[in-house]
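Heads up, the sequence shown is in numbering that gives the first Met the number 0, so the first residue is 0 and it goes up one at a time.
Idealized CB from N, CA, C, for every residue including glycine.
Heads up, the thing below is written out as structure tokens.
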Amino acid sequence: MKLLMFFLAAVVATVNGFSTSRSSFTPNLGVAPLAYPSALAMSAGGVVITGGAGGVGFAYAGEFMDRGFDVVICDIQDCSTAAKVLTSRHPNGKVYHTKCDVSDAKSVENLGKFAKKSLGIINYWVNNAGINGGRRALIDVPLSQVELVVKVNLMGILLCTKIAMGIMAEQAGITGHIFNTVGSGVKGGGTPGYACYGATKRGLPQLTDSLVKELEEGVQGYEKKNLEGEIQVHNLSPGMVFTKLLLDDSTPELRKFPFGVLAAQPEEVAADLVPKIIAKTTNGGSVEFLTTDRILTKFFERFIMQKKSEYIDDDGNVIKMPGAQYDESGVRSLY
């Protein structure tokens, strides 16, 4: 038992940094949705979520709307259907949608203008959009794909953060929060097959730390600006989520472990993280789904209690729920 617990503790540091960022079916996840507005949601505030047409971004939007927030979702694909579904399922908040390529400066600038016009005040900006570029050795990845992963995952967050900071700086008396989504590779170590993805995620905590110091201390040799609004920047770690980002190009072995032990559905992750996002009051730091306690609990349930996964069978195949729709990778459609 002592040896097993030592092993579990040793792997926590590794898996804790792994993240991934259309049907009416919602799995029974044991998490009751909250449907009451918070104090902040009562104000004229709002939320921007990139990559909001599906996956955990779509689930974030629903959780915020349940709490009375108005939300802007954007994606490189059309968001109109996603917005209609969110409006139907979550009547406590409004949703606005637009297309945006986060790797393109002009597109992000237009997103900022759209969000400001639609929401008035932006309390939270969640940089959720990201791609993994496929699971292949770097030597086999086309240069165009290398460029795309870096532009979306790193340049996209830099551009969105820059625009969000500009808006939040002018919101007198309001604290605006920016959350940058981290993932596999964020805490160092190799990410074979995902070298580009891991490298982009590794840089985000450094970005967050740099911005925290700039906001609190300024830049040496330059006069520190007094902003009308307060800005806070944080890391956001959704862990392993059953989305295309996680399951695409995966193997049965990966699906059995670690996915079958640690991965969660988008709704479960969003229901856990959105309250934590709203509760965040200090600059910097991370909000995590796969906390150490959660990891150890999941390991205990799987390896000691021999509890089987609800979502992956013993052969590493996705368990398909009755009434749900799945794509060829085994990703369940959220609407």
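Rounded separation between residue i and residue j - CA only
i	j	result
T199	G92	33 Å
A34	E146	For A34, the predicted model reports a pLDDT of 38, less than 50, meaning its position is unreliable; a value from the coordinates is still stated below. For A34 and E146, the distance between alpha carbons rounds to 42 Å.
V94	I120	14 Å
V240	V70	22 Å
P321	K243	20 Å
I130	K224	35 Å
P265	Q219	42 Å
E216	P141	42 Å
R331	L226	44 Å
L333	F57	8 Å
R301	G329	22 Å
L289	Q170	33 Å
S209	E327	41 Å
I318	V149	33 Å
L110	S308	40 Å
A40	D100	In this prediction, A40 scores a pLDDT of 38, lower than 50, which makes its location untrustworthy; no coordinate-derived value is stated.
K186	L118	35 Å
V273	Y59	7 Å
P257	S79	34 Å
L245	L235	17 Å
I303	V55	30 Å
Proximity winner among the options, relative to residue i (alpha-carbon distances)
i	options	result
K281	I311, S308, I177, M320	The amino acid at residue 281 is misidentified as Lys; the sequence shows Thr. Comparing Cα positions, the closest option is I177.
K98	R88, A323, K112, P90	K112
T180	L153, G189, R134	L153
V151	L203, V211, F57	L203
M64	T49, T86, D74	T86
R407	V107, N234, G192	Nothing can be reported for residue 407: it is not among the residues displayed for the chain, which extend from 0 to 334.
G184	C195, T174, V211, R201	R201
I173	D139, Y59, E229	E229
F68	I277, K306, S143	I277
V84	S102, E252, G61	G61
I72	G54, G50, S236	G50
G197	H89, G182, V211	G182
R88	V286, D247, V46, R66	R66
Local Cβ density within 10 Å of residue i, reported as buried at 16 or more and exposed below that
i	result
Y221	exposed
M164	buried
A43	Low confidence applies here, because A43 scores a pLDDT of 43, under 50, leaving its location unreliable and the question unanswered by this model.
L137	exposed
K115	buried
T190	buried
M167	buried
T250	exposed
G29	Residue placement at G29 cannot be trusted, given a pLDDT of 35 that sits under 50; the coordinates are not used to answer.
D271	buried
K105	exposed
S143	exposed
K279	buried
A38	Interpretation of A38 is limited by its pLDDT of 38, a score under 50 that renders its predicted location unreliable; the figure taken from the coordinates is listed afterwards. With fewer than 16 Cβ atoms within 10 Å of its Cβ, A38 is classed as exposed.
S23	Confidence in S23 is poor, its pLDDT being 32 and thus under 50, which makes the residue's placement unreliable; the coordinate value appears in the next sentence. So S23 counts as exposed.
D74	buried
Run of the alpha helix (DSSP H) containing residue i, from where it starts to where it stops
i	result
D208	203-216
K112	104-118
V317	Looking at the DSSP string, V317 is not in any alpha helix (DSSP H), and its letter there is neither H nor E.
G155	155-167
Y193	No alpha helix (DSSP H) contains Y193, which DSSP labels as neither H nor E.
V145	142-149
T291	291-298
Range of the contiguous beta strand (DSSP E) that encloses residue i
i	result
N225	Run containing N225: none; DSSP gives neither H nor E here.
D74	69-74
F178	174-180
Y95	94-98
S285	285-287
Just checking, does the stretch 244-264 make contact with the stretch 149-162 on the three C-beta pairs under 8 Å criterion? The stretch 244-264 makes no contact with the stretch 149-162; the number of CB pairs closer than 8 Å stays below 3.
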